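**Student:** Quick one: the structure is below, questions incoming.
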Amino acid sequence: MIFSTTAITERKNRSARALSSVLKDEDTVLIYCGTPIQKPGGFDQTYPFLPHPDYFWLTGSRRAYGVSAFTKAEGWVDFVLPVTREEMIWEGGAEVMPGKDLAEFSSWLGKRNSTRVFILGQEGNDELVKIQEVFSRERRKKDSEEVELVRRLASIANAGYLKVKSTIRPGISERQIQLDYEAAILQAGSEKHPYDSIVGTGSNSAILHAIPTSRIVKDGEHVLIDAGADIHDYCVDITRIFPASGQRSSQLKNIYDIVLQAQKESIAMCVPGIEWKDVHLKSAKVIAQGLVDLNILKISAEEALSTNAVSVFFPHGVGHMVGLRVRDVGGPYNPNPKKYAGARLRVDMQLEENHLMTVEPGLYFIAALLHDAETRRTYGDQINWLEAEKWLSFGGVRIEDDILVTSKGAVNLTEVVEK
Ligand SMILES: [Mn+2]
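Sequential numbering from 1254 applies to the sequence shown in the numbering used here.
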């Protein structure tokens, strides 16, 4: 087990208090771990199994088939699948947390005779959405063991970033950089990759989710790497920029300094009570001002925010919740996210103590946007298109760290990775 009994007990107590405040005496809440999925035609082969994050967070157990039930009268009751004879023979056993035998679950639930049974992690009515949100609100607050694990993951990711720093040079391919990074983090203790590593060289650095290709990085170009590390689905999400030659060109310095300034100012805002959209708008403002100074925007920074012109160069939100999976439980159910300064923010909520957020502003010259007829029409006289086009071969810059919100201010959990 990766978390101590003390930490798990505290998570159960916290969520029990929260759920008790909204449930009726006869209600039952269920959280299922999930079941392995067979590969088509694969006989006894299954896809790699990931426990439902609500279940793993609550119990610390990754054993499939389990279910944890909450009632006001009994609190949390865990039902687990005991080790099977087959597992003893083929796998030498299995890790099973203490709990009631799963075989007793149906009769236990039948005896409860609950009028309302809420199954977390499933689609449902407004009432279920409300209960889910009460639970998620607790899950968003990282405890000290989760924070320690994220710090450990940051140092594992750092092994990858140190490796690529030593191997990046003109002539190396995106694919080779990816392999260097991923081999290094696996050797350093990462179990898997939390998401597909992004490696973009030259103009590919403006592709937001660049899939590494055989493209060779040239002298004078830079490499954008957005990659993390993962243990038991906990992860870090980090982006760094590497000049091929080892030295930042003056062109790169211009853009890098703007993005770094945006990131610094946004990170400083990550304290309890702040609206996430304001953290986004801060980065948008700094980036817009940078574009004004570079003679790319023909309007003021304030105007570029109100007309959304800044989103031609900063088209995504400033970050998201991270920790247990790369998109951690991000906020109340938000199917139609609002746009702020032209960017759709899937996370749109107030920050609380112990939230863990990525802060990842970026400034890109994206051909698909700069050459788009509608974008040209919409921002016709607001953007100096000739000037912007000069940067197309440059690509883009993003800088990303994972920031813990504390009452004493923002704490950068990934600062071990040099910028
Ligand atoms: Mn990210």
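Each residue gets a CB set at the ideal place from its N, CA and C atoms; glycine is no exception. Computed from a prediction, not measured in an experiment: that's the story for all the values here.
Please say whether G1570 and H1533 have beta carbons closer to each other than 9 angstroms?
**Tutor:** By one-based count along the sequence shown, residue 1533 stands at place 280. By one-based count along the sequence shown, residue 1570 stands at place 317. Against a cut-off of 9 angstroms, the Cβ pair of G1570 and H1533 comes out as a contact.
**Student:** Can you look up M1610 in the DSSP assignment and give me helix, strand or coil?
**Tutor:** Numbered from its first residue, the sequence shown carries residue 1610 at position 357. In this structure, M1610 counts as strand in the three-state DSSP scheme.
**Student:** Using a threshold of 9 angstroms, state whether the C-beta atoms of F1371 and G1313 are closer than that.
**Tutor:** To locate residue 1371, count along the sequence shown from 1; it is residue 118. To locate residue 1313, count along the sequence shown from 1; it is residue 60. Against a cut-off of 9 angstroms, the Cβ pair of G1313 and F1371 comes out as no contact.
**Student:** Measuring only from the beta carbon, is T1611 closer than 8 angstroms to any heavy atom that is part of ligand 1?
**Tutor:** Taking the first residue of the sequence shown as 1, we reach residue 1611 at position 358. Checking every heavy atom of ligand 1 against the Cβ of T1611, one is found closer than 8 angstroms.
**Student:** Looking at G1499 and D1490, is the spacing between their C-beta atoms short of 9 angstroms?
**Tutor:** The residue given as residue 1490 occupies position 237 in the sequence shown. The residue given as residue 1499 occupies position 246 in the sequence shown. No, the Cβ-Cβ distance between D1490 and G1499 is not below 9 angstroms.
**Student:** Can you tell which of K1416, D1601 and E1605 has the C-alpha that lies nearest to the C-alpha of V1524?
**Tutor:** Here the question's residue 1524 lines up with position 271 in the sequence shown. Of the candidates K1416, D1601 and E1605, the one whose C-alpha sits nearest the C-alpha of V1524 is E1605.
**Student:** How far does the beta strand (DSSP E) with A1562 in it reach, from first residue to last?
**Tutor:** Looking up residue 1562 in the sequence shown gives position 309. Where A1562 is concerned, there is no enclosing beta strand (DSSP E), given that its DSSP letter is neither H nor E.
**Student:** Taking the continuous beta strand (DSSP E) assigned at T1281, which residues delimit it?
**Tutor:** If you number the sequence shown from 1, residue 1281 lands on position 28. Where T1281 is concerned, the enclosing beta strand (DSSP E) stretches over T1281 to Y1285.
**Student:** I need the straight-line Cα distance from P1289 to D1297, nearest angstrom please.
**Tutor:** Position 36 of the sequence shown, counted from the start, is the residue given in the question as residue 1289. Position 44 of the sequence shown, counted from the start, is the residue given in the question as residue 1297. Straight-line Cα distance between these residues: approximately 11 angstroms.
**Student:** Going by Cα to Cα distance, which pick from K1353, S1467, T1259 and A1562 is closest to V1452?
**Tutor:** Locating residue 1452 in the sequence shown gives position 199, where the first residue counts as 1. Checked all of K1353, S1467, T1259 and A1562; the closest Cα to V1452 is S1467.
**Student:** What are the boundary residues of the beta strand (DSSP E) that S1321 is part of?
**Tutor:** Taking the sequence shown and counting its residues from 1, one reaches residue 1321 at position 68. Run containing S1321: V1320 to T1324, per the beta strand (DSSP E) assignment.
**Student:** Count the C-beta pairs between the stretch 1433-1447 and the stretch 1509-1525 that are closer than 8 angstroms, then say yes if the count reaches three, no if not.
**Tutor:** They do not touch, by the three-pair rule.
**Student:** Would DSSP call L1217 helix, strand or coil?
**Tutor:** What the structure shows of the chain is the stretch from 1254 to 1672, and residue 1217 is not part of that stretch, so it cannot be assessed.
**Student:** Does DSSP put A1347 in a helix, in a strand, or in coil?
**Tutor:** By 1-based counting over the sequence shown, the position of residue 1347 is 94. If DSSP states are grouped into helix, strand and coil, A1347 belongs with coil.
**Student:** Can you find a heavy atom of ligand 1 that lies under 8 angstroms from the Cβ of D1297?
**Tutor:** If you number the sequence shown from 1, residue 1297 lands on position 44. It does not: the Cβ of D1297 is nowhere closer than 8 angstroms to a heavy atom of ligand 1.
**Student:** Is the closest heavy atom of ligand 1 to the C-beta of E1528 under 8 angstroms?
**Tutor:** Numbered from its first residue, the sequence shown carries residue 1528 at position 275. The answer is no for E1528.
**Student:** Is the closest heavy atom of ligand 1 to the C-beta of H1573 under 8 angstroms?
**Tutor:** Residue numbering aside, residue 1573 sits at position 320 when the sequence shown is read from its first letter. Result yes, Cβ under 8 angstroms from ligand 1.
**Student:** Just how far apart, CA to CA, sit V1470 and W1644?
**Tutor:** Locating residue 1470 in the sequence shown gives position 217, counting from the first residue. Locating residue 1644 in the sequence shown gives position 391, counting from the first residue. Approximately 17 angstroms, taken between the alpha carbons.
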